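S.K.: Encoded as structure tokens, here's the structure I'll be asking about.
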Amino acid sequence: MTEDCVFCGIIDGEIPGHIVHETDEVVAFLDAEPVSKGHTLVVPRQHVETIYGADDMEYLWTETVNVANAIRTCFGPEGMNLQQNTGEAAGQEVDHLHIHLTPRYTGDEVELSYDRSELGNGEELAEELSTYMR
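Residue numbers (the working numbering): 1 to 134.
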């Protein structure tokens, strides 16, 4: 745990949080500034800043699916956005790995927008990237 990390503080019980699920490895709690009803964060107990340090955290996916299904059963959203931001350029605000589960409801005003373009040289890019896979 890191002393100046707000999520570590919630995990340790030093900072108030609305915890909805806990295991030995993961804590899930409501986002303090939700964008929709039931917006929940799934966070590993181990302090890892980004996805790049999550090599052995398969359990994080299992518990994310578990929490997503609970949100669906409880609140009945029409959809769900799953988001993980790594680094400031991607919008990461807390330097502790976390996954956002954002329930989506018909008529909500949550917006995700990207400027998309044609893939172009996909074969070349795929070949280049594949050389870095383990």
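A virtual CB, placed ideally from N, CA and C, is assigned to each residue, including glycine.
Computed from a predicted structure; not experimentally measured.
1) In its own chain, which residues sit with a C-beta less than 6 Å from the C-beta of residue 85, not counting the 5 before and 5 after it?
2) From this set, 13, 39, 133, which residue's C-alpha is nearest residue 83's C-alpha?
3) Measure the C-alpha to C-alpha separation of residue 22 and residue 28 and round it to an integer number of angstroms.
4) Please report the residue range of the beta strand (DSSP E) in which residue 112 lies.
5) When you compare the segment 64-78 with the segment 102-112, are there three or more beta-carbon pairs, one atom per stretch, that lie closer than 8 Å?
6) Would you report the Cα separation of residue 96 and residue 120, rounded to the nearest angstrom?
7) What are the boundary residues of the beta strand (DSSP E) that residue 28 is part of?
M.R.: Checking against the coordinates, here is how it stands:
1) 91, 92
2) 39
3) 6 Å
4) Element bounds for residue 112: n/a, residue is neither H nor E.
5) yes
6) 35 Å
7) 26-30
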